[in-house]
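Step one of this worksheet: look at the structure below.
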Amino acid sequence: MELTSIKKTKTLDIKPSSTSSENDFDFLQGKWKVHNRMLKSRLANSDEWIEFEAELHMKKTLNGFGNIENFYSNNNGTPFEGMAIRLFNKETKLWKIYWVDSNGTTMDEKPVTGSYENGLGRFYANDVFNNQEILVLYQWDATNPQQPKWSQAFSTDNGRTWEWNWKMELTRIE
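Here it is, written out as structure tokens:
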């Protein structure tokens, strides 16, 4: 899968990998313990990380062409719940990932879009953070499906450089 270009209109041109399929997220089915590392301040040259634990539950839906992930944490005594809804488009062979959480309770209007290649999934979207246009990257590393990793990065220069601001390491519960 590759991000082939970013057009002047800020439209992303994303091509799927040749192996992209509705089974790309099968490794994530079940329940997981999640160790999180999140930058305290994003796009602020911060190197201070906040670490916390969470739990993730994922199940397939829509005859295998979608899945729903529930994310639960209690960071600093504040309960937090998030939900990812992933949908596979049979025609384009691309995944769209939507996110909603208890901080805002509105669904992302700009889902990240992408696919997997050789166990590495990359998903992109244009967005705005602190009134600044950014490119968002979600990266799933399932090269070891028993210990997958997820990371998020922001770019303010159309993907030339990235600030990795959230990293998760998963350990299967069941």
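Just so we're aligned: 159 in the numbering used here is position 159 of the sequence shown, and the numbers increase by one with no gaps anywhere.
Glycine is no exception: its CB is placed at the ideal position from the N, C-alpha and C atoms.
Residue environment: Gln152 is assigned as buried (16 or more neighbouring CB atoms within 10 Å of its CB, all protein chains considered). A residue is called buried once 16 or more other Cβ atoms fall within 10 Å of its Cβ, and Leu62, having fewer, is exposed. Taken through DSSP and simplified to helix, strand or coil, Asn74 comes out as strand.
The alpha-carbon separation between Glu163 and Leu137 amounts to approximately 10 Å.
Asp127 sits in a strand when the DSSP states are folded into three classes. At a cut-off of 3 residues, the continuous stretches assigned as beta strand (DSSP E) that sit fully inside the stretch 94-162 are 94-101, 112-117, 120-129, 132-141, 149-155. Annotation for Gly64: no beta strand (DSSP E) segment contains it, and DSSP assigns it neither H nor E. Of all alpha-carbon atoms in Asp13, Asp47, Ser17, Leu12, the one lying nearest the alpha-carbon of Asn118 is that of Ser17. In this structure, DSSP gives Asp13 an extended state, which the three-state scheme calls strand. Distance from the CA of Trp150 to the CA of Leu56, rounded to the nearest whole angstrom, comes to 12 Å.
A contact is defined here as three or more CB-CB pairs under 8 Å, and the stretch 47-55 fails this definition with respect to the stretch 13-28. Beta bridge pairing from DSSP links Thr171 with Lys33. For the set Asn89, Ala44, Ile97, the Cα lying nearest the Cα of Glu69 is the one of Ile97.
For Met38, the closest C-alpha among the options Gly77, Trp166, Arg172, Ser102 is that of Trp166. By the neighbour-count criterion, in which 16 or more other beta carbons inside 10 Å mark a residue as buried, Ala125 falls on the buried side.
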